[in-house]
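So for the sequence shown, this note's numbering puts the first residue at 14; every next one is plus one. Ideal Cβ positions, reconstructed from N, Cα and C, are used throughout, including at glycine.
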Amino acid sequence: MSITVTGRIEKVFHAGSGWSSILIAEKNGGMHRAAGKIDSPIAGYDITVIGEIDVHEKYGEQIKVASSTVCQATSADGILKYLVDQLDGIGPKLAEKIVDTFGSDTLRIIEEEPGRLIAISGISESKAKKIIACHKENKVYLELTEFFGEYATVNQIKKIYEEFKKEGINKIRKNPYIIIYRVDGIGFNIADKLALSSGIKPDDPHRLAAAIVYILKNIAAEGHCFCRIESLESMLRDTFKTIPIDKISDVLVKEINADNLVLVDEDKLYWKEIYEAERDCAVYIKEMLESAPVAQTTSAIVDEAITEFEEQNGFTLVYRQKDAINMSMRNRFSVITGGPGSGKTTIIKGLIQAWRKAHEIPFREVTEDKVSLCAPTGKAARRMAELTGMEASTLHRFIFHGRIIEKSLIVVDEASMLDILLAARLLRIARENSCQVVLVGDADQLSPIGPGNFFKDILQSPRVPDVMLDVTHRNSGTIAKNAKKINNGIGPAAFEFDDSFDFIQVDKSTAKEAVVKSYLSLVDEYGPNNVLCAVPMRKKGKSQTASETLNELIREQINPYPPGAAFLAGCFFRVNDRVMYLENSSEMEISNGDCGIVSMIDLAAKRIHVDFDCGKKVAMTVEESKNMTLAYAMSIHKAQGSEFKAVVVTQCWEDYYMLNRSLFYTAVTRARDKVVLIGDTPAIQAALRNIDAKLRNTRLKNLLGMRVVI
């Protein structure tokens, strides 16, 4: 039986992905727990929900919400709740003063007569500005939610809000297609439905141009740098069946003439930013290859440095390792590649020693190392720092916030993760500061998530000097041996098993429990910061071993919610949760993929404190924490670039369409000391058969082999 309840949002237990759980306070004093389709609940705001009474096994009676409407607070109690829970800098006492002064007119005063706030004791001009800005952002967020309605998910609205919060919603109302140009991950259908409903004609040039841009951004997300004109026109015809092709062609020509798109060889269409990045990578690499190395040294000096390095470390480098150091010293730009345990980190350490030796001055050493170490992820940078004893940073931090030393050596680990956009920024910095660049990585890892195939493309160019390390040195049982077999498509009957590599056979009904049990056992042995579940799938409901499913199960085992504990409204996390941030944040100086532990939840200041593995201690707002997720388990794509002492790897038939050799290889090579492989033999065999040979549309390897004209 359907029920309708109207009241005030008293508490927000959880909000995200279009599903929320809240507590509603009715005017008569009644309280109702409600869960379901509630977009953007804000404590203190008014709400009306329609649904059915349901009995939850854990929370008891609650309303299972089918639809809801959230509006700005109107009652004094609701406004009071809103001020305390949602606006920075306002505590209970100050909130009472504001409501006592302005009553139900409070929010109108903040919006239309904000100057009156400073008349209240305790509100300075700077605090008033902070209150106004915070309320304005909340209002924009709510307006966006109401404007997009069912067309956009909560996460999509968050992205749009982050881009347009300073400008408000009016710009989007005038031209909904603008979101396609400025916000990644937003589908054409969202803007199109809103635009058509507001009266824009089906053959409007803005509509056709937005569709072209969307297709190009979409194929970039799939890893391509360009789209063939023939393919683009085919996709556009499928989208706009009733619009003549000549109208579409006219818009395409107009976008090219306006310099928004770039056409190459009459059949390759680029989003301008990607075209420039690919072109710049080719130009910068060729310039460096034609320039003398920064370190003006001799083979004798490098050989002497290698001998000293061998004596200090108590082992002798093989020929390929010595050749890699010599090559990297002799060239402004070079590449070192190899699989797990092949000695890549040893080479980095030896290279640093040779670089220092080359820069020695008689009777005095240069005080500055003039070496920059970086990697695409926080975990990889931290590992690099631990193994070399030097400071290392994420590429994002190095490029946008680092102190670049002229004529220095830049070493990039896990370079297979570089997409064409990030590579162009890195090489631009190296060129502008006359630096020498060495890229280190595993060519058999997954291709980058972003556009291009930078690392593999440069390895295919005969002009780029490279050394492949093909001898396994790591003494860590069978991990490296089995990884090599996986890479060659051999197994699982040929896998070797010992204390460092185990295989647990499961079916669909037992996989989930086996993963959780293995994870908890490894945590007891290695500690929570050193263990990971690496799985093919992320989304809950898609697989029994999806990372979102496993994260919830593991958390309930390893970090259950203390009964009766206070919580922060809108905060999904608990103290001691293992978490991962999903965005690059310049303000907090953390990068996409950085992991850490929730150390404290400050109810008074409304902040979530996280100690990140990279060493940063961050206090973030509830809104900022919505860019964070649990990290007991993660997709293999997200785990790329990281290393853990122990890794649980799943390869189950339920994940069939995400099973492939490079994904499997990448998961296994995330482990340093122990792999527990959980799955079934048919799934593993399917992964080994699927080489994932999907070609990406790129031109970099061709550009490196010919004269580049800008």
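| Item | Value |
| --- | --- |
| Opposing strand residues paired with Lys553 [DSSP bridges] | Ser556 |
| Where Ala79 sits in the DSSP three-state scheme | strand |
| Which of helix, strand or coil DSSP assigns to His219 | helix |
| Start and end residues, beta strand (DSSP E) containing Ala283 | Strictly speaking, residue 283 in this sequence is Tyr, with Ala absent from that position. It spans Lys281 to Trp284 - the beta strand (DSSP E) in which Tyr283 sits, taken as one unbroken run. |
| For Ile66, the residue or residues it bridges with in DSSP | Ile76 |
| Closest Cα partner of Tyr645 within the set Asn597, Glu600, Thr558 and Gln698 | Thr558 |
| Exposure label - Met44; buried when at least 16 CB within 10 Å | exposed |
| Distance between Asn715 and Gln570 (C-alpha atoms, nearest Å) | 53 Å |
| Where Cys294 sits in the DSSP three-state scheme | helix |
| Distance, Phe328 Cα to Ile649 Cα | 34 Å |
| Counted within 10 angstroms of its Cβ, other Cβ atoms place Tyr283 as buried (16 or more) or exposed | buried |
| Beta-carbon proximity check, Met340 vs Val480, cutoff 8 Å | yes |
| In DSSP terms, what Gly20 is bridged to | Ile60 |
| CA nearest to the CA of Gln321, picked from Tyr594, Arg369 and Gln75 | Note that residue 321 is Glu in the sequence shown here, rather than Gln. Checked all of Tyr594, Arg369 and Gln75; the closest Cα to Glu321 is Arg369. |
| Residue interval of the beta strand (DSSP E) (run including Lys658) | Phe657 to Gln664 |
| DSSP-derived helix/strand/coil call for Phe580 | coil |
| For Arg609, the three-state DSSP class (helix, strand or coil) | Reading off the sequence shown, one finds Gly at residue 609, where the question assumed Arg. Strand, per DSSP. |
| Other residues of its chain near Val529: CB distance less than 8 Å, five sequence neighbours each side excluded | Leu563, Leu566, Ile567 and Gln570 |
| Residue environment, Tyr670, which counts as buried when at least 16 other CB atoms sit within 10 Å | exposed |
| Start-to-end residues for the beta strand (DSSP E) that takes in His45 | Met44 to Gly49 |
| Proximity of Ser355 and Leu459 at Cβ, strictly below 8 Å | no |
| Environment of Pro576 [buried if 16+ CB atoms lie within 10 Å] | exposed |
| Rounded separation between Asn466 and Arg241 - CA only | 17 Å |
| Buried or exposed (CB count within 10 angstroms, at least 16 for buried), Thr380 | Bear in mind that the predicted position of Thr380 carries a pLDDT of just 43, short of 50, making it unreliable; the figure below should be weighed with that in mind. The residue in question, Thr380, is exposed, as its Cβ has fewer than 16 Cβ neighbours within 10 Å. |
| Whole-angstrom distance between Ile51 and Phe26, CA atom to CA atom | 12 Å |
| Those residues which DSSP pairs with Phe625 across a bridge | Gly609 |
| Short Cβ contact (8 Å threshold) for Met342 with Pro306 | yes |
| Alpha carbon of Ser137 to alpha carbon of Gln449, nearest angstrom | 52 Å |
| N-terminal and C-terminal residue of the alpha helix (DSSP H) that Ala393 is part of | Gly391 to Thr401 |
| Other residues of its chain near Ile256: CB distance less than 8 Å, five sequence neighbours each side excluded | Pro215, Asp216 and Leu221 |
| Whole-number beta carbon distance between Ser385 and Phe411, since they are thought to touch under 8 Å | 7 Å |
| Delimiting residues of the alpha helix (DSSP H) encompassing Gly12 | The chain is shown only over 14 to 723; residue 12 falls outside these bounds and no answer can be derived. |
| Check whether Met430 and Pro464 have beta carbons under 8 Å apart | no |
| Met14 burial status per 10 Å Cβ neighbour count (16 or more: buried) | exposed |
| Nearest-angstrom Cα separation, counted from Gly102 out to Val623 | 21 Å |
| Three-way DSSP call (helix, strand, coil) for Leu690 in this model | strand |
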